[in-house]
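Chemist: The following block contains the structure, expressed as structure tokens.
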Amino acid sequence: MLFNSFHFFVFFIVVTSLYFALPYSKRWFLLLVSSCYFYMAFVPIYILILGFTIVIDYFAGIYIENAQGKRRRTYLIFSLIANIGVLAVFKYYNFLNDNLSFLLKGFALENPIPYLSILLPIGLSFHTFQAMSYTIEVYRGNQKAERNFGIYSLYVMFYPQLVAGPIERPQNLLHQFREKYDFDYDRVTSGLRLMAWGLFKKVVIADRLAIVTDTVYNNPEQYNSLSLIIATFFFSFQIFCDFSGYSDMAIGSARIMGFKLMTNFNKPYQSKSIHEFWQRWHISLSTWFKDYLYITLGGNRVSIPRWYLNLFIVFLVSGLWHGANWTFVIWGALHGFYLVFALVTKNYRETLAKRLYLNKVPFLSVSITFILVAFAWIFFRANSLHSAFYIIKHIFVGLPDLVHNFLNHQSIFQNIGLGSMELIASLLLIVFLETVHTIQNKINLTQYFLQKPAFVRLALYCGVILCILFFGVFENRQFIYFQF
Amino acid sequence: MFSKFIKKTLFICSAVTLLLLAYLFYFRVNAKSFLADNKDIHILICGDSHTKCAINDSLLIGSKNISVGAQSYLYTYNIIKTLTENNPNIDTIILGYSFHSLSDNFDDIMTGPWSKTDYPAYLPILDASSFNLLARDNSIGMIKLLPNILNTMVKANPLKQTSYQFIGSFHHSKNSVVNDSTIKLTLIRQYIRSSKIKGFSSLQEEYLSKICDYCNEKQIKLILLNTPVYSDYLAVVPPSFIKKYYAVYEKLKDRAVLIDMHNMKLPKNHFGDGDHLNDYGASIVCSRLDSALLAQKVTPLN
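Quick mapping for you: the protein sequence lines, in order, are chains U and E.
For the first sequence, the working numbering puts the final residue at 506, and the numbers step up evenly by one.
For the second sequence, the working numbering puts the final residue at 304, and the numbers step up evenly by one.
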């Protein structure tokens, strides 16, 4: 059940209406049942996998809290192995098997291990990480074990953030299921505005840009360097609008019912460094890795080489979290490299920037950061390593020919899935998006519009709805992060 | 607070609905003006893929082929109504009427997976009774496709005929793939369901009759055209369909003329597949049609 589907539209209205109609004590049960229904709308049988990890972690939490000494650690390790084991089987088994086959082939040996023909359960990486954060926080003493099985299940399965985050922490979310939320006009309208903005980003911007990205990236050999550059540029915004659009709809739908989920994106393409980018992009995941992997490895409280290694490991694992493919690993490794390089060269760069007055031009650092991120996205989006390297090589190699053709009045524009008017519209949408982000740096846009007369606000709401209806691409494209 | 929310929500929904209806009205007005300024066109060629492949309108003076593949008569009726309402130049309609035209395959097309492409193209121009008929069977499908319908409407440019998705055109092709395999596939699609012969569509018959009545009322000459089919395909058309075909025409012959070319002997390479012509076949049909229309006092010779 996609957030941009009619099915979800009906589901959301029914569940939210029932939520406010029911007494407080019954609401968590309604949410649990509707979350089960939501999850089963994808592949029903996979609710058993979700159920398995919920049961393991529920009891693990209680046993960890009740136990003493080394036993606490044992229960934690058991819980983590169970969760990572499920991830390993469903997500990484065939990938690992592929690599084993490749290795054995080098020794002229056959791989006796069979492949598994299984679909990846939707949202597996998200709810697994959310469940692991629970047992870790109980172990650390930051969270009391949840004794109500239903409430704990709801913590893992809460439908707004079940399949693509934000990855919540138990300290933030668990207690909220016991709070009493009344219908609040301001909160509900705020949630609806956020959902509308998220849906706009998804169907009007992301799915439109996806037409170009899919056309070019699925057959890169057919396209010149300009087309490859446009597709890469578009993908950078497609993935942002797709994922942040989903997050906005998740946060908005939860907000309507009174729940506060964490912010997941904060204008990432306005970042002036890769370090800042990771403070603004997929915040729930980056903070998860920081709190549970980076700090566990020692963080920056180790020798400098070990610190750099820790950073690199975290981003390698982050890449692997995104998908069972070397392209994702290289994407993660690139970001790890960027961060380490930035740290190693920090003093030189700051000195150079001061001498050349480059620190007075923040646009330059924003642009460089964007180019580095966009370059890494090539690996993220490419269908294979071969494809990624092909694209990278031909983006640069093809440029002189392109310039030559352009100067000789030859056409350099290819058919990349959208007509010229739609291409211009897509570019304008990106400009609009970043303009909104820039304005948001200076003023609170929401407050600004709330102060406007009612007819202005209503006209804006009607305008956004009509834009979504008229200009949205409703081919039911799945959200990119659902595949993780 | 809750009542304030409901009032505002209803107000926004009403405003959006009114704006959508206003746009629909604007779209229909523009659709009706299609061809109105083109005084040279007085023959409309309508129907499904058979007429789409059989009649090259560049070879038939004063004609315009707007056939669309798999188009049912419910849609054709509404297209004819839309385009002739403000256009007195149209005095003749050539409508495809083939042996498969009365198959209930067309009912499946209207409410099945094809509705995803058909509804956005046709729903905005349907009259109330046609719309209600479809809504009765597939209202949920219609609501789900609302964004697609609006997308299609907003892309329609009155200055660019191809942007109206309900307006088709002649299909140019010199290919010829006539073999047992293609004939069998066509046979299954048009006449067979679960190893049994399909039934007849009362809706197709009803709207064919409506087209005849409408043309009669508007004093538009209606010519039903049975396009040529390859002999191997003809041999496997269920006899019940051929019988039904002529039985239905018996009821319509006071309002429409039948030009029956199904038996026309054409070389195999003049057919795209068992029941569709290609460019070569279309040029022969057009010259024969031209003579036939002349006999009907419709058009001068090319």
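Where is the CB? At the ideal position from N, CA and C, for every residue including glycine.
Since the structure is predicted, the reported quantities are computational estimates derived from the model, not experimental observations.
Give me the subset of the region 469-488 of chain U whose CB atoms are less than 8 angstroms from a CB atom of chain E, sorted by chain position.
Modeler: So the list reads Leu480, Tyr483, Cys484, Ile487 and Leu488, given in the order they occur along the chain.
Chemist: Are Gly145 (chain U) and Gly220 (chain U) closer than 8 angstroms when you measure CB to CB?
Modeler: On the first sequence, residue 145 (chain U) is found 123 positions in, with the first residue counted as 1. On the first sequence, residue 220 (chain U) is found 198 positions in, with the first residue counted as 1. Result no, Cβ atoms of Gly145 (chain U) and Gly220 (chain U) do not sit closer than 8 angstroms.
Chemist: Using the beta-carbon count (16 or more within 10 Å), is Lys54 (chain E) buried or exposed?
Modeler: Here residue 54 (chain E) is taken as the residue at index 52 of the second sequence, counted from 1. With 16 or more Cβ atoms within 10 Å of its Cβ, Lys54 (chain E) is classed as buried.
Chemist: Counting Cβ pairs closer than 8 angstroms, one from the region 179-193 of chain U and one from the region 281-299 of chain U, do we hit at least three?
Modeler: yes
Chemist: Which residues of the region 208-219 of chain U have a Cβ closer than 8 angstroms to any Cβ of chain E? Give them in chain order.
Modeler: For chain E, the residues of the region 208-219 of chain U that bring a beta carbon within less than 8 angstroms of one of its beta carbons are Val210 and Thr211, in chain order.
Chemist: Using 8 angstroms as the Cβ pair cut-off and three pairs as the minimum, do the region 85-105 of chain U and the region 140-159 of chain U touch?
Modeler: yes
Chemist: In terms of alpha-carbon separation, which member of U:Pro475, U:Tyr483, U:Leu451 and U:Leu467 lies closest to Asp229 (chain U)?
Modeler: Numbered from 1 along the first sequence, position 207 holds the residue referred to as residue 229 (chain U). Asp229 (chain U) has its Cα closest to that of U:Leu451, out of U:Pro475, U:Tyr483, U:Leu451 and U:Leu467.
Chemist: Could you list which residues in chain U have their beta carbon closer than 7 angstroms to that of Lys146 (chain E), in chain order?
Modeler: For this step, residue 146 (chain E) is matched to residue 144 along the second sequence. Simply Phe28.
Chemist: Indicate whether at least one CB of chain U lies closer than 8 angstroms to the CB of Phe4 (chain E).
Modeler: Taking the first residue of the second sequence as position 1, residue 4 (chain E) is located at position 2. Yes, Phe4 (chain E) counts as interfacial toward chain U.
Chemist: Return the Cβ separation of Gln336 (chain U) and Tyr316 (chain U) in integer angstroms, given the expectation that the two are a contact with Cβ distance under 8 angstroms.
Modeler: The residue you call residue 336 (chain U) lines up with position 314 of the first sequence. The residue you call residue 316 (chain U) lines up with position 294 of the first sequence. A small fix is needed here, since residue 336 (chain U) is Val in this sequence, not Gln. Going by Cβ atoms, the distance from Val336 (chain U) to Tyr316 (chain U) rounds to 5 angstroms, so yes, they are a contact pair.
Chemist: Counting only Cβ pairs nearer than 8 angstroms, list the residues of chain E close to Leu451 (chain U).
Modeler: Reading the first sequence from its first residue, position 429 is the one you call residue 451 (chain U). What Leu451 (chain U) touches in chain E: nothing, since even the nearest Cβ is about 15 angstroms away.
Chemist: Quick one: give me the first and last residue of the beta strand (DSSP E) that Phe27 (chain E) is part of.
Modeler: As a first step, residue 27 (chain E) must be located in the second sequence, where it is residue number 25. Premise fails: Phe27 (chain E) lies in the alpha helix (DSSP H), Phe4 to Lys34, not in any beta strand (DSSP E).
Chemist: Tell me which residues share the same chain as Ala158 (chain E) and place their Cβ nearer than 8 angstroms to its Cβ, disregarding the 5 neighbours each side in the sequence.
Modeler: Numbered from its first residue, the second sequence carries residue 158 (chain E) at position 156. Once the five neighbours on either side are set aside, the close Cβ partners of Ala158 (chain E) are Phe29, Asn32, Ala33, Ser165, Tyr166 and Gln167.
Chemist: Strictly under 8 angstroms for the Cβ-Cβ distance: is Leu491 (chain U) near chain E by that measure?
Modeler: Here residue 491 (chain U) refers to the residue found at position 469 of the first sequence. Closer than 8 angstroms to the CB of Leu491 (chain U) there is at least one CB belonging to chain E.
Chemist: Can you tell me the Cβ-Cβ gap for Leu54 (chain U) and Leu176 (chain U), rounded? I've got them flagged as a contact below 8 angstroms.
Modeler: Along the first sequence, read from residue 1 onward, the residue named residue 54 (chain U) stands at position 32. Along the first sequence, read from residue 1 onward, the residue named residue 176 (chain U) stands at position 154. Confirmed, Cβ separation roughly 5 angstroms.
Chemist: Count the other CB atoms, across all protein chains shown, that sit within 10 Å of the CB of Lys415 (chain U); report buried if there are 16 or more and exposed otherwise.
Modeler: For the purposes of this step, residue 415 (chain U) is identified with residue 393 of the first sequence, where counting begins at 1. Exposed.
Chemist: Following the continuous alpha helix (DSSP H) through Ser295 (chain U), name the residue where it begins and the one where it ends.
Modeler: Reading the first sequence from its first residue, position 273 is the one you call residue 295 (chain U). Element bounds for Ser295 (chain U): n/a, residue is neither H nor E.
Chemist: Met263 (chain E): which of E:Arg138, E:Ile286, E:Asn280 and E:Tyr75 sits nearest, CA to CA?
Modeler: For the purposes of this step, residue 263 (chain E) is taken as the residue at position 261 of the second sequence. Comparing Cα positions, the closest option is E:Ile286.
Chemist: Along the chain, where does the alpha helix (DSSP H) containing Leu118 (chain U) start, and where does it finish?
Modeler: The residue given as residue 118 (chain U) occupies position 96 in the first sequence. Counting along the chain, the alpha helix (DSSP H) containing Leu118 (chain U) begins and ends at Tyr115 to Gly128.
Chemist: With 8 angstroms set as the bound, which would you pick, yes or no: does the beta-carbon of Val156 (chain E) sit closer than that to a beta-carbon of chain U?
Modeler: The residue given as residue 156 (chain E) occupies position 154 in the second sequence. Closer than 8 angstroms to some Cβ of chain U, the Cβ of Val156 (chain E) qualifies, so yes.
Chemist: Between the region 118-126 of chain E and the region 253-268 of chain E, do at least 3 Cβ pairs fall closer than 8 angstroms?
Modeler: Touching, no.
Chemist: Val419 (chain U): buried (16+ other C-beta within 10 angstroms of its C-beta) or exposed?
Modeler: Sequence index remark: in the first sequence, residue 419 (chain U) carries index 397 (1-based). It is exposed - the Cβ of Val419 (chain U) has fewer than 16 other Cβ atoms within 10 Å.
Chemist: Within the continuous beta strand (DSSP E) that includes Ile95 (chain E), where are the two ends?
Modeler: The residue labelled residue 95 (chain E) in the question sits at position 93 within the second sequence. Note, Ile95 (chain E): beta strand (DSSP E), Thr94 to Gly98.
Chemist: Do three or more CB pairs link the region 48-63 of chain U to the region 164-176 of chain U at distances below 8 angstroms?
Modeler: yes
Chemist: Buried or exposed for Asp139 (chain E), going by 16 or more other Cβ atoms inside 10 Å?
Modeler: Looking up residue 139 (chain E) in the second sequence gives position 137. It counts as exposed.
Chemist: Runs of 4 residues minimum, wholly inside the region 44-109 of chain E: which ones carry the alpha helix (DSSP H) assignment?
Modeler: 51-56 and 75-87
Chemist: Taking C-alpha atoms, which residue in E:Leu23, E:Asn58 and E:Leu62 lies nearest to Ile42 (chain E)?
Modeler: Within the second sequence, numbered from 1, the residue matching residue 42 (chain E) stands at position 40. Per the sequence shown, the amino acid found at residue 42 (chain E) is Asp instead of Ile. Of E:Leu23, E:Asn58 and E:Leu62, the smallest CA-CA separation from Asp42 (chain E) is found for E:Leu62.
Chemist: Drop a sphere of 10 angstroms on the beta-carbon of Met3 (chain E), count the other beta-carbons inside from all chains shown, and report buried for 16 or more, exposed for fewer.
Modeler: Taking the first residue of the second sequence as 1, we reach residue 3 (chain E) at position 1. Its Cβ having fewer than 16 others within 10 Å, Met3 (chain E) is exposed.
Chemist: Where does His416 (chain U) fall in DSSP's three states?
Modeler: Counting from 1 along the first sequence, the entry for residue 416 (chain U) is found at position 394. DSSP places His416 (chain U) within a helical segment (H, G or I) once states are collapsed to three.
Chemist: Just mark Ala404 (chain U) as buried or exposed, buried being the case when its beta carbon has 16 or more other beta carbons within 10 Å.
Modeler: Residue mapping note: residue 404 (chain U) aligns to position 382 of the first sequence, counting from 1. Buried.
Chemist: Within 10 angstroms of the Cβ of Met217 (chain U), are there 16 or more other Cβ atoms? Answer buried if so, exposed if not.
Modeler: For the purposes of this step, residue 217 (chain U) is taken as the residue at position 195 of the first sequence. By the neighbour-count rule (16 or more Cβ atoms within 10 Å), Met217 (chain U) is buried.
Chemist: Would the beta-carbon of Asn246 (chain U) fall within 8 angstroms of that of Ile434 (chain U)?
Modeler: Residue numbering aside, residue 246 (chain U) sits at position 224 when the first sequence is read from its first letter. Residue numbering aside, residue 434 (chain U) sits at position 412 when the first sequence is read from its first letter. With respect to Ile434 (chain U), Asn246 (chain U) sits close: the two C-beta atoms are nearer than 8 angstroms.
Chemist: Our contact map puts His44 (chain E) next to Thr94 (chain E) with C-beta atoms below 8 angstroms; I'd like the distance itself, whole angstroms only.
Modeler: As a first step, residue 44 (chain E) must be located in the second sequence, where it is residue number 42. As a first step, residue 94 (chain E) must be located in the second sequence, where it is residue number 92. 6 angstroms between Cβ atoms; contact.
Chemist: If you draw a straight line from the alpha carbon of Phe148 (chain U) to that of Leu44 (chain U), how long is it in whole angstroms?
Modeler: One-based indexing of the first sequence puts residue 148 (chain U) at position 126. One-based indexing of the first sequence puts residue 44 (chain U) at position 22. So the two alpha carbons sit approximately 29 angstroms from each other.
Chemist: If Pro122 (chain E) sits next to Ile151 (chain E), beta carbons under 8 angstroms apart, how far is it from one beta carbon to the other, in whole angstroms?
Modeler: The count along the second sequence starts at 1 and reaches residue 122 (chain E) at position 120. The count along the second sequence starts at 1 and reaches residue 151 (chain E) at position 149. The C-beta separation of Pro122 (chain E) from Ile151 (chain E) comes to about 5 angstroms, placing the pair in contact by the 8 angstroms criterion.
Chemist: What is the DSSP secondary structure of Phe25 (chain U), reduced to helix, strand or coil?
Modeler: To locate residue 25 (chain U), count along the first sequence from 1; it is residue 3. DSSP places Phe25 (chain U) in coil when its eight states are reduced to three.
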